[in-house]
Amino acid sequence: MKRIHVHYDGVRYSVAGRELDELKAEIANALADGKPHWLKVNLGEGTVRQTELLIARGVGVALTPIDPATEEPLDPVPVALPGES
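Numbers in this note's numbering are just positions in the sequence shown, counted from 1, shifted up by 212.
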């Protein structure tokens with residue numbers, strides 16, 4: 213199973229079963245549209261709770277793809293930093 217950690221406001225969330233490029237495109241499209249967008253993610257270990265994160269300009273988000281073979285992070289991928297578009 214593919215998994216991506218989403219780092220948002222100092223908290224780590226996760227997304228499962230999606231490709232990194234697909235998730236990056238969703239975030240980039242939301243920022244390009246200029247309208248707030250709610251990104252569905254999971255919160256927690258063991259008991260997972262579905263959560264939605266507000267994606268908007270100036271909100272820092274980083275994506276860390278997880279290697280399914282080792283469960284170790286690959287290189288983090290910054291998407292948007294506070295104050296940057």
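Quick reminder that beta carbons are idealized off the backbone N, C-alpha and C, glycines included.
Roughly how many whole angstroms lie between the Cα atoms of residue i and residue j?
| i | j | result |
| --- | --- | --- |
| isoleucine 278 | lysine 214 | 7 Å |
| glycine 258 | serine 226 | 12 Å |
| tyrosine 220 | valine 273 | 5 Å |
| aspartate 245 | alanine 228 | 25 Å |
| arginine 230 | valine 271 | 22 Å |
| arginine 261 | asparagine 254 | 6 Å |
| threonine 276 | isoleucine 239 | 14 Å |
| arginine 269 | alanine 237 | 15 Å |
Indicate the three-state DSSP secondary structure (helix, strand or coil) for residue i in the structure shown.
| i | result |
| --- | --- |
| lysine 247 | coil |
| alanine 274 | strand |
| methionine 213 | With a pLDDT of only 48 at methionine 213, under 50, the local geometry of the prediction cannot be trusted, and no value is derived from it. |
Using a Cβ-Cβ distance cut-off of 9 Å, determine whether residue i contacts chain D.
| i | result |
| --- | --- |
| valine 218 | The chain labelled as chain D is not found in the depicted structure, where only one protein chain is given. |
Does the separation of the CB atoms of residue i and residue j fall below 9 Å?
| i | j | result |
| --- | --- | --- |
| leucine 251 | valine 218 | yes |
| leucine 243 | isoleucine 267 | yes |
Strictly by DSSP, which residues pair up with residue i?
| i | result |
| --- | --- |
| asparagine 254 | Ser226, Gln262 |
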